[in-house]
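Presented below is the structure to which this report refers.
Number of protein chains: 2
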Amino acid sequence: MAHASPGRSAGNGRAGREAYDLASVLDIAVAAFNDHGYEATSMGMLAQRLGTSKSAVYYHVSGKEDLLRLALDRALSELELVLTRDGATKGPAESRLRLVLRGAVEVLVKDLPYVTLLLRLRGNTEVERQALERRRDFNNAVAELVEEARGAGTMRSDIDARTTTRLLFGMINSIVEWYRPGGPITPDRLADDVISVAFDGLATAAD
Amino acid sequence: MAHASPGRSAGNGRAGREAYDLASVLDIAVAAFNDHGYEATSMGMLAQRLGTSKSAVYYHVSGKEDLLRLALDRALSELELVLTRDGATKGPAESRLRLVLRGAVEVLVKDLPYVTLLLRLRGNTEVERQALERRRDFNNAVAELVEEARGAGTMRSDIDARTTTRLLFGMINSIVEWYRPGGPITPDRLADDVISVAFDGLATAAD
DNA sequence: CGAGTTACTTACTGGTCGTTCAGTAAACGA
DNA sequence: TCGTTTACTGAACGACCAGTAAGTAACTCG
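If you're matching them up, the sequences are chains A and B in order. Using the working numbering, the letters of the first sequence correspond one by one to residues 682 to 888. Using the working numbering, the letters of the second sequence correspond one by one to residues 682 to 888.
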């Protein structure tokens, strides 16, 4: 029984049968993890969604935790790349901050399921704890930009810096809970809106 | 072996042995649910945290889902009460909105673990779906206040109303992920900060 | 001191979990 | 066609899961 589902790669010059490629397996695994939670997702459920058997999955990955590790690494790598983009390392702190925030929103939308998984971690296994540490490093990098912008006088300083950063991330990260690509709002527009609300607030501009 | 742990109620005039009271069982269950996720938390784990046996837990509650239902009902009831507070039903839309948001932050802090559990729901069981529906009703009530305030001209209208409300909730709800009572920031100050950032933004006031 | 009520304990059931293993079907090069 | 490599299949394993059944210890009341 040949499977016609996407994610198959055949005729690639290698010997042996056609196979699922890892990326497809990962996509489906991440979707399942987000639907039911990582721990509550069984390997049997993954196999069912892939249209194969449990043991077939084990041919591609070494175990359940391996899938989680691969998925989290993808999300984190993309986020970390944002910090090294042109414009994120030079210039006034506020414009660097805006650029990094915009980049974060873009990554969040582009790899929505992967970042969603990352943002829901609780840190109960070593894999999760290491991912949380990398995420904390990213957050700290952004927090430093906030501090710099406060020092430069372009951001308000009447509120605790940590609180500021956390509220900022709270707003941005919440996107994974409701934004779905293909809707009326483009990713570009979303980034504009988020940054505008974050910096200027929801009240009518008072000038 | 008499247990000296808190959450025991003895000498209350009833016949029979002293017992855990439901509130303590619920507190510990909610903490465990938040640590590991609801589905990944076993009744055995709950029993261990309570210092009893699995079947002892079943004497107090009819099952695992019952614990979830009780916990979610508590969080939702408190949030719904905020909508009926004095000042939340009369007056200008913006001040009503500010009052409701402040109330939401207060409930969020007072019943932090319970609201945390509510905010992490995925809707995989009937109990979860019903709780999500009540939560959506609450969100819609706040969304109406936002619409009114926009109509009155006190809130900016250049950004989609749904997006506005979602970013607002994103910021507020993120509190459960980092705020811990007993720290340097009082709940009152937290509410002030959140509402100030939401309405006026993070940029230095331009006047 | 019983009698009655409450709050358990110990032992167990059927089912599901992540993972493994021995065997095999399908594609390839020679 | 044959041998090799690749990608599986189906069955099984021990551990753990939510929930149950039957017995019993602890307490109050009369």
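Where a beta carbon is used, it is the ideal one built from N, C-alpha and C, also for glycine. For clarity, every value in this text was computed on a predicted model and none was experimentally measured.
Residue state for Y739 of chain A is assigned as helix, using DSSP reduced to three classes. In this chain, the alpha helix (DSSP H) harbouring M724 of chain B covers M724 to L731. DSSP places Y860 of chain A outside both helix and strand once states are collapsed to three, so it counts as coil. G744 of chain A sits exposed, since fewer than 16 C-beta atoms from the chains shown fall within 10 Å of its C-beta. M836 of chain A is a Cβ neighbour of T885 of chain B, given a cutoff of 8 Å. Close CB contacts of A879 of chain B within its chain, under the 8 Å cut and outside five residues either way in sequence, are with L782, L849, M852 and I853 (chain order). With its beta carbon less than 8 Å from one in chain A, D841 of chain B belongs to the interface. Per the coordinates, the alpha-carbon of E787 of chain B lies some 13 Å from the alpha-carbon of E761 of chain B. Separation of I866 of chain A and D702 of chain B (C-alpha to C-alpha, rounded to the nearest whole angstrom) is 50 Å.
A check of alpha carbon separations from A812 of chain A across A:A824, A:E825 and A:T797 identifies A:T797 as the nearest. Bridge partners of A884 of chain A according to DSSP: B:M836. Within the same chain, and ignoring the five residues on either side of R810 of chain A in sequence, the residues whose Cβ sits closer than 7 Å to its Cβ are G804. When DSSP states are grouped into helix, strand and coil, A710 of chain B belongs to the helix group. Note that the region 739 to 758 of chain B does not touch the region 738 to 756 of chain A; fewer than 3 beta-carbon pairs, one per stretch, sit closer than 8 Å. Around the C-beta of N821 of chain A, fewer than 16 other C-beta atoms lie within 10 Å, and the residue is accordingly described as exposed. In the three-state scheme derived from DSSP, where H, G and I count as helix and E and B as strand, I866 of chain B is classed as coil. Chain order gives the chain A residues near G834 of chain B as T885, where near means a beta carbon separation below 9 Å. With a beta-carbon spacing of about 30 Å, I840 of chain A and D716 of chain B fall beyond the 8 Å limit used to define contacts.
When 8 Å is used as the limit between beta carbons, L849 of chain A is near these residues of chain B: L883, in chain order. V790 of chain A is positioned such that its CB atom lies closer than 8 Å to that of Y860 of chain A. Along the region 783 to 807 of chain A, the positions whose C-beta sits under 7 Å from a C-beta of chain B are R803 and N805, read in chain order. Just so you know, the alpha carbons of L802 of chain A and V808 of chain A end up roughly 10 Å apart.
Any Cβ of chain A closer than 8 Å to the Cβ of V823 of chain B would place that residue at the interface, and such an atom is absent.
No residue range can be given for S734 of chain B, since it is assigned to no alpha helix (DSSP H) and is classified by DSSP as neither H nor E. Cβ contact annotation for A712 of chain B (same chain, cutoff 7 Å, sequence separation greater than five): P794, in chain order. Runs of alpha helix (DSSP H) with 4 or more residues, each lying fully within the region 793 to 846 of chain B, are found at 793 to 800 and 807 to 832, listed in chain order. In the DSSP assignment, E746 of chain B falls within the unbroken alpha helix (DSSP H) covering K745 to V763.
Residue contact check for F714 of chain B against chain A: no CB pair falls below 8 Å.
Its Cα nearest to that of L707 of chain B, the residue B:L731 stands out among B:L731, B:G718, B:E720 and B:L883. Contact of F880 of chain A with chain B by beta-carbon distance below 8 Å involves G882, L883 and A884.
One thing to note: R847 of chain B has its Cβ within 8 Å of the Cβ of S855 of chain A. Think of a sphere of 7 Å around the beta carbon of V875 of chain A: the chain B residues whose beta carbon falls inside it are L848, in chain order. When DSSP states are grouped into helix, strand and coil, E720 of chain A belongs to the coil group. In this structure R777 of chain A does not touch L727 of chain A by the C-beta definition: roughly 41 Å separates them, more than the 8 Å allowed.
Here A769 of chain B carries a coil assignment [DSSP, helix/strand/coil].
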